[in-house]
Amino acid sequence: MDWHILWQYRAALWDGLVTTVWLSALAIVGSTAVGVLVGCLGATPSFYLRRLTAAYTELLRNLPLLVKVFFFYFVLSMPTIPAALLGLVLHQSAYIADVTGAGIRSVARGQLDAGLALGHGYWQVFRYVILPQAVRIVIPPMTTQYVAVIKNSSIVALIAVQDLTYQTQQINVETFRGFEAATAATVLYVIVALGIIGSMTLLQRRVGVR
Amino acid sequence: MTDQPVDLRRAMRSPRVKLLIWRIGCGVVLMLALRAVLDLDWTSVAPSWLFLLTGLGRSWLLAIVAITAGGLAAAPLALARVYGPPGIRQAATALIECVRATPELMIVFWVYFTLPIVTGNQVTSWNAALGSLSVIAAVYLAEVFRAGLYSVPRGQSEASAATGMSGFSTFLYVILPQAVRNMVPALIAQLVGLFKTTSLVYAIGVMEFFRSITVTNNAVFAPYQLYLVLALGYFLSCFAITRIVRWYDPKYQLLE
Amino acid sequence: MIGFKNVHKHFGALHVLNDVSFRVEPGEVVVICGPSGSGKSTLLRCINRLERIDSGEITVDGIRVDDATPDIAKVRAEIGMVFQQFNLYPHLRVLENLILAPVKVRGLSREQASGIARALLAKVGIPEKETSYPSQLSGGQQQRVAIARALAMQPKIMLFDEPTSALDPEMIREVLEVMVQLAKEGMTMVVVTHEMGFARRVAHRVVFMDQGRIVEDAAPEAFFTQAKDPRAQVFLSKILTHI
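Residue numbers (numbering that gives the first Met the number 0), protein chains in the order written: chain A, 0 to 209; chain B, 0 to 255; chain C, 0 to 242.
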């Protein structure tokens with residue numbers, strides 16, 4: 000074991016970490032926007048919207064993330080970063096749509112009837128009754144999804160985006176100190192994931208009045 | 000009411016008619032897609048069909064071996080986490096959570112690049128792929144098994160204990176059958192997930208489906224055609240997994 | 000007030016409403032009973048179009064509610080409904096549960112709506128619970144809040160879908176008391192329930208359903224003592240020995 004190698008390559012590791020974090024952050028924002036929209040549309044009473052959104056999630060869930068990233072990178076010849084970002088957003092949005100839809104449906108059972116019976120329109124029930132409750136239900140599975148984004152972002156190393164995984168491979172190639180580099184990277188990934196879990200728990204506490 | 004005119008608005012609202020309209024719409028889209036596909040030039044790709052099929056077969060083989068090995072390892076892990084004595088329980092939890100927090104690609108690299116450094120023996124990329132995918136399958140399946148065990152309400156084991164059944168019989172005859180039933184959807188998700196994860200071992204040079212596509216593309220350069228084959232291969236494989244399990248488990252059909 | 004004309008509804012192969020026709024006059028209290036799966040809840044839920052029908056005609060207060068009304072929310076605002084599972088909004092306090100619809104649908108100010116809501120909470124006997132969350136209340140209290148929530152819209156008709164079926168016996172009485180009081184004030188009510196004591200005390204008519212059809216439609220005394228249909232007799236013998 001030679002842990003000094005990590006100190007020697009600290010700048011590379013730091014750059015990789017920064018790339019991983021901001022790429023993941025953008026992917027989280029993008030996939031949440033798309034996924035929540037699709038999930039909400041899929042939970043409306045409209046038959047066609049339900050079918051359309053189901054087709055969207057089924058198609059995307061049955062394709063590996065790598066296939067999506069390569070679609071933008073090789074087939075559409077996009078630059079690496081936008082290709083990586085679009086792939087991540089598309090991939091995770093399907094899962095987030097499922098999570099959101101399930102959350103809304105679990106609340107809507109009963110609550111939708113009650114709201115409609117009082118004369119609210121669908122969107123009013125959705126806005127004032129279902130949404131506030133769904134947000135709370137959705138936070139824990141959403142946390143899992145966000146952690147998955149961090150982990151999945153490592154794939155972008157395969158199209159030469161210089162993220163944390165890419166940097167560890169570089170260290171391995173240059174020094175054959177793969178074990179030390181992989182350990183360091185894993186620890187950093189876990190720290191970022193813990194950061195997400197922590198902030199989501201705080202969020203849960205803010206909205207979680209009952 | 001037989002001589003009433005057909006109420007069109009009402010007819011459009013009936014689930015059966017909506018489904019029909021939806022199916023017709025899907026049919027039209029598929030036909031258009033098929034026409035576009037047939038318009039492409041397939042002559043350069045066609046000779047590689049056996050090579051590509053072999054690649055897809057390797058992906059399936061990787062997934063099946065990893066699921067089997069992973070499942071065998073996951074059972075004791077899950078049991079240790081749920082029923083294990085203090086120290087063991089925490090150790091199992093720590094192991095599962097640490098591996099789950101690591102990106103799958105890192106695990107693949109870890110097994111391929113770092114194990115030889117630690118052990119001193121070279122590992123072939125195929126064995127490293129099998130090993131890393133089995134590790135991934137093991138920790139995720141352990142979580143599925145655990146959730147399945149927890150999904151059985153407490154009243155079940157109490158009721159069983161009240162009839163004088165031993166802890167082991169309660170587990171075997173009361174808890175396990177219900178747990179397995181409840182696990183089916185999560186199990187499908189993990190199977191599909193693992194099949195998709197096999198694409199990652201592309202990175203260490205295993206000639207599975209993804210790499211066989213890229214290799215072919217380097218030789219004949221037909222990105223659109225090959226990409227279609229790639230997407231279709233993965234989609235149909237994953238789709239088949241979900242449908243096979245649903246078909247096998249009649250209860251799951253009822254849930255739909 | 001409410002009129003059904005040749006209403007049919009299917010759930011897949013199941014014919015849940017089979018040529019149902021009946022009327023409810025203003026101020027009438029109608030109890031609907033029947034074995035489970037007989038279509039009584041579905042019938043009730045058709046009145047405010049929580050369920051759509053396949054054919055036939057339903058009017059409420061002179062307005063077609065089956066299909067012809069594009070703005071069903073307006074009609075629903077005039078019809079209060081109470082559910083078996085209460086369906087209170089768990090994320091809102093009791094008072095907020097009561098004023099949400101008056102404020103958002105009727106456009107009342109919060110103060111106006113709160114005034115009405117407090118009066119109703121007093122009426123159902125739990126004025127002290129306005130700042131509680133539903134999960135902090137007993138089942139009986141929750142159902143009384145649900146009744147107050149429906150009344151807060153000042154509806155012309157009240158629908159009750161097995162309002163006491165999810166309650167413990169000692170809580171059933173407190174809910175029934177509120178419903179009896181409401182009936183005596185002249186509210187038009189349609190109540191799906193097996194509480195035959197309630198039917199005897201305040202119902203003007205008892206409707207018995209079986210397999211999607213209305214089999215009996217009679218005044219309570221006539222229904223209990225001289226039901227004509229054998230299925231109604233069997234049902235009564237089961238349910239009355241139970242009491």
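Ideal placement from N, C-alpha and C gives every residue a C-beta, glycine not left out. Computed from a predicted structure; not experimentally measured.
Chain B contact residues for A/A181, given Cβ-Cβ distances below 7 Å: Translated into positions along the first sequence, residue 181 of chain A becomes position 182. By Cβ distance, chain B contributes M105, F108, W109 and T113.
Spatial neighbours of B/S47 in its chain, beta-carbon cut-off 6 Å, leaving aside the 5 residues before and after: For the purposes of this step, residue 47 of chain B is identified with residue 48 of the second sequence, where counting begins at 1. Counting only Cβ-Cβ distances below 6 Å, and skipping sequence neighbours, we find T215.
Rounded separation between A/A133 and B/D38 - CA only: Looking up residue 133 of chain A in the first sequence gives position 134. Looking up residue 38 of chain B in the second sequence gives position 39. Taking the straight line joining both Cα atoms gives about 46 Å.
Exposure label - C/S164; buried when at least 16 CB within 10 Å: Translated into the one-based positions of the third sequence, residue 164 of chain C becomes position 165. So C/S164 ends up on the exposed side.
Closer than 7 Å to chain B by CB, A/G210: The structure shown does not extend to residue 210 of chain A, since chain A spans only 0 to 209, so no value can be given for it.
B/M182 classed as buried or exposed, judged by whether at least 16 other C-beta atoms fall within 10 angstroms: The residue labelled residue 182 of chain B in the question sits at position 183 within the second sequence. By the neighbour-count rule (16 or more Cβ atoms within 10 Å), B/M182 is buried.
Neighbourhood of C/H203 by C-beta, 6 Å cutoff - its chain only, sequence neighbours within 5 removed: To locate residue 203 of chain C, count along the third sequence from 1; it is residue 204. Result list for C/H203: E27 and V28, in chain order.
Buried versus exposed, by CB contacts within 10 Å (16 or more), A/S198: Stepping through the first sequence from its first residue, residue 198 of chain A is reached at position 199. A/S198 should be labelled exposed.
Cross-strand partners of C/E56 (DSSP beta bridge): Here the question's residue 56 of chain C lines up with position 57 in the third sequence. C/K4.
C/C32 - partner residues in DSSP beta bridges: Here the question's residue 32 of chain C lines up with position 33 in the third sequence. Partner(s): C/F207.
is_contact[C/K103, chain A] using C-beta, thresh 7 Å: Working through the third sequence from its first residue, we reach residue 103 of chain C at position 104. Interface annotation, C/K103: in contact with chain A, CB-CB separation under 7 Å.
Exposure label - A/T164; buried when at least 16 CB within 10 Å: Position 165 of the first sequence holds residue 164 of chain A. Classification for A/T164: buried.
Residue ranges of each alpha helix (DSSP H) within the segment 47-134 of chain B, 4 or longer: 48-82, 85-100, 103-108 and 114-118
Inter-residue spacing [alpha-carbon to alpha-carbon] between A/A10 and A/H3: Numbered from 1 along the first sequence, position 11 holds the residue referred to as residue 10 of chain A. Numbered from 1 along the first sequence, position 4 holds the residue referred to as residue 3 of chain A. Answer to the nearest angstrom: the Cα atoms are 13 Å apart.
Exposure of A/T31, with buried meaning 16 or more beta-carbon neighbours within 10 Å: For the purposes of this step, residue 31 of chain A is identified with residue 32 of the first sequence, where counting begins at 1. Flag for A/T31 reads buried.
Alpha-carbon to alpha-carbon, C/K73 and C/E194: On the third sequence, residue 194 of chain C is found 195 positions in, with the first residue counted as 1. On the third sequence, residue 73 of chain C is found 74 positions in, with the first residue counted as 1. Roughly 31 Å separates the two Cα atoms.
From A/F71, A/H90, A/V128 and A/L58, residue whose alpha carbon lies closest to that of B/F234: Here residue 234 of chain B refers to the residue found at position 235 when the second sequence is read from its first residue. It is A/L58.
Proximity test, Cβ basis, 7 Å: A/K150 and chain B: Stepping through the first sequence from its first residue, residue 150 of chain A is reached at position 151. Interface residue, yes.
Straight-line Cα distance separating C/M157 from C/L261: There is simply no residue 261 of chain C to check, as chain C begins at 0 and stops at 242 in what is shown.
Per-residue DSSP class, three states only, for B/T259: Residue 259 of chain B falls outside the range modelled here, since chain B spans only 0 to 255, and no answer is possible.
Neighbourhood of A/V155 by C-beta distance below 6 Å, restricted to the same chain and skipping five residues each side: Within the first sequence, numbered from 1, the residue matching residue 155 of chain A stands at position 156. Counting only Cβ-Cβ distances below 6 Å, and skipping sequence neighbours, we find A83 and D162.
Three-way DSSP call (helix, strand, coil) for C/V191 in this model: Against the third sequence, residue 191 of chain C aligns to sequence position 192. Strand.
Anticipated Cβ contact below 8 Å, C/A118 with C/I98, distance rounded: Here residue 118 of chain C corresponds to residue number 119 of the third sequence, with the count starting at 1. Here residue 98 of chain C corresponds to residue number 99 of the third sequence, with the count starting at 1. Not quite, the Cβ-Cβ distance comes to about 12 Å (not below 8 Å), so this is no contact.
7 Å Cβ cutoff, B/A128 in contact with chain A: As a first step, residue 128 of chain B must be located in the second sequence, where it is residue number 129. Closer than 7 Å: no.
In DSSP terms, what C/D160 is bridged to: For the purposes of this step, residue 160 of chain C is identified with residue 161 of the third sequence, where counting begins at 1. Paired residues: C/V191.
Interface residues of chain B facing A/R50 [CB-CB closer than 8 Å]: Translated into the one-based positions of the first sequence, residue 50 of chain A becomes position 51. Result: W21.
Distance, B/P115 Cα to A/A54 Cα: In the first sequence, counting from the first residue as 1, residue 54 of chain A sits at position 55. In the second sequence, counting from the first residue as 1, residue 115 of chain B sits at position 116. Taking the straight line from one Cα to the other gives about 44 Å.
3-residue-minimum beta strand (DSSP E) runs that sit fully inside the segment 156-241 of chain B, ordered along the chain: none
Boundaries of the alpha helix (DSSP H) in which A/A147 is found, first to last residue: Residue mapping note: residue 147 of chain A aligns to position 148 of the first sequence, counting from 1. From DSSP, the alpha helix (DSSP H) with A/A147 extends over L130 to N151.
CB contact below 7 Å: C/L49 versus chain A: Within the third sequence, residue 49 of chain C is the residue found at index 50, counting from 1. With 7 Å as the cut-off, C/L49 counts as an interface residue toward chain A.
The segment 155-171 of chain B touching the segment 25-34 of chain B, judged by at least three CB pairs closer than 8 Å: no
Every unbroken beta strand (DSSP E) within the segment 126-186 of chain C, with a cutoff of 3 residues, ordered by chain: With a minimum length of 3 residues, the continuous beta strand (DSSP E) runs that stay inside the segment 126-186 of chain C are 156-160.
Chain-ordered neighbours of B/F209 on chain A, where CB pairs are closer than 7 Å: By one-based count along the second sequence, residue 209 of chain B stands at place 210. The contacting residues are L65.
Local Cβ density within 10 Å of C/D160, reported as buried at 16 or more and exposed below that: By 1-based counting over the third sequence, the position of residue 160 of chain C is 161. Its Cβ being crowded by 16 or more others within 10 Å, C/D160 is buried.
Top-ranked residue by Cα proximity to A/T142, from A/I195, A/D112, A/V186 and A/G118: Sequence index remark: in the first sequence, residue 142 of chain A carries index 143 (1-based). Among A/I195, A/D112, A/V186 and A/G118, the Cα nearest to that of A/T142 belongs to A/I195.
A/R50 - DSSP class collapsed to helix/strand/coil: In the first sequence, residue 50 of chain A corresponds to position 51, counting from 1. Helix, per DSSP.
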